[in-house]
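Chains A and B are the protein sequences, given in the same order.
End of the first sequence = 190 in the numbering used here, gap-free, step of one.
End of the second sequence = 380 in the numbering used here, gap-free, step of one.
Where is the CB? At the ideal position from N, CA and C, for every residue including glycine.
Protein chains: 2
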Amino acid sequence: MDKINLGSTIPAYPMPVSIVGTIVNGKANFMAVAWFTMVSYKPPRIAIALGKGHFTNPGIKENKTFSISLPSEDMVEITDFCGIVTGKKTDKSEIFDVFYGELETAPLIKECPLSMECKLVDTVVSGLNEIFIGEIVGTYTEERFLTDGKLDVGKMKPFLLSQPDTAYWGLGEPIAKAWSIGKKFKERLK
Amino acid sequence: MDKINLGSTIPAYPMPVSIVGTIVNGKANFMAVAWFTMVSYKPPRIAIALGKGHFTNPGIKENKTFSISLPSEDMVEITDFCGIVTGKKTDKSEIFDVFYGELETAPLIKECPLSMECKLVDTVVSGLNEIFIGEIVGTYTEERFLTDGKLDVGKMKPFLLSQPDTAYWGLGEPIAKAWSIGKKFKERLK
């Protein structure tokens with residue numbers, strides 16, 4: 001089990017893929033983003049990390065809102081398109097069926113099983129990136145993605161990106177119950 | 191396609207699962223963390239969002255270092271254990287085979303296919319959480335997880351957590367090439 005040190009580099013791991021929606025110059029724009037995470041439980045807040053030069057950033061700063069939608073596997077082509085084509089050159093305002101929730105400047109995507117509208121609460125600069133922290137004010141889905149009233153990831157069919165090898169991955173099968181399977185290890189430790 | 195608004199809530203999506211390593215009170219401690227994301231490409235930086243009350247946080251603040259390791263599917267029990275048992279009550283310093291890289295206070299896990307050692311560069315408070323931004327100074331793996339010299343997610347077999355339904359998921363199959371499949375959509379748009 002000899003370890004190799006690859007040095008100071010971008011690691012490989014599966015990152016869920018999202019589409020961030022903003023209004024830029026009066027029009028909806030969409031960008032594929034895999035660098036995001038929940039950062040607060042109460043109130044629910046989510047952070048996205050974007051390179052400073054993106055077309056999206058000024059829209060977030062101006063309107064202090066953005067949306068984050070989780071596409072399903074069958075949307076892999078259009079999602080990747082949102083990642084490789086910049087809003088600076090291509091109008092992406094009509095590629096999705098757009099709707100709005102409470103916020104007037106956070107365009108949500110009807111085709112996505114899950115869309116969140118966010119109010120910007122903080123901006124943090126790190127290296128060449130801007131981290132936008134948004135408070136989730138609305139969470140939109142459809143009945144068909146729920147099981148017993150809860151969002152069901154298995155029905156949503158999200159997909160994931162690994163970066164150095166630039167591959168999209170489907171989600172596999174449930175393998176264990178969280179906050180539960182670890183009890184077996186705990187028992188053995190006694 | 192009627193949308194339902196679940197309100198201001200924690201969304202469901204698959205989050206890669208990591209184990210964060212720190213030195214607390216002179217001993218290695220490990221905590222399961224799914225709230226993390228890359229935030230900077232150059233230099234490579236990764237952010238983790240932890241509830242303020244965790245045993246881990248003072249260790250990060252004191253040493254200004256932490257590690258983040260990606261466990262494989264066969265480590266789901268011990269990883270969940272690290273999530274449900276606090277270092278305040280249980281000494282977790284000997285549950286893994288620990289090694290160190292450049293940093294003396296970022297314990298790395300031999301059993302994990304990928305371990306990164308990080309230097310703390312920024313701390314951001316958001317709600318009841320602290321976001322620790324770390325610069326990746328070393329990235330440890332083994333030859334058997336590489337393909338053509340690059341980390342191969344398929345060989346690493348990481349797993350994912352979805353939160354409201356508290357399930358762990360395996361990774362599925364590669365479904366498309368990233369920064370590539372979207373060109374098909376672009377062609378059709380012309």
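Spatial distance of B/Met221 from B/Leu240 (CA atoms): 10 Å
Contacts that A/Val98 makes with chain B (C-beta to C-beta distance below 9 Å): The premise fails here: A/Val98 is roughly 12 Å from chain B at the closest Cβ pair, so nothing lies under 9 Å.
Contacting positions in the stretch 307 to 337 of chain B - beta carbon closer than 7 Å to chain A: Asp312, Val314, Ser316, Gly317, Leu318, Asn319, Ile321, Ile323, Ile326, Val327, Gly328, Thr329, Tyr330, Thr331, Glu332, Glu333
Inter-stretch contact at 8 Å, needing at least 3 Cβ pairs: the stretch 164 to 172 of chain A / the stretch 341 to 352 of chain B: yes
Contact set between B/Leu260 and chain A, taken where Cβ atoms lie within less than 7 Å: Tyr13
Where A/Phe145 falls: helix, strand or coil (DSSP): helix
Chain-ordered residues of the stretch 75 to 94 of chain A with a beta carbon less than 7 Å from chain B: Val76, Glu77, Ile78, Asp80, Phe81, Gly83, Ile84, Val85
Limits of the beta strand (DSSP E) - the one that B/Glu263 falls within: It is not in any beta strand (DSSP E) - B/Glu263 carries neither H nor E in the DSSP assignment.
C-alpha distance - B/Phe256 paired with A/Pro14, whole-angstrom precision: 21 Å
Identity of the residues DSSP links to A/Tyr168 by a beta bridge: A/Leu161, B/Ala366
Coil, strand or helix - A/Ile136 by DSSP: strand
B/Pro297 (DSSP reduced to helix, strand or coil): coil
Any chain B beta carbon closer than 8 Å to A/Ala28: no
Within-8 Å CB hit, B/Ser198 to chain A: yes
DSSP three-state assignment for A/Thr9, whether helix, strand or coil: coil
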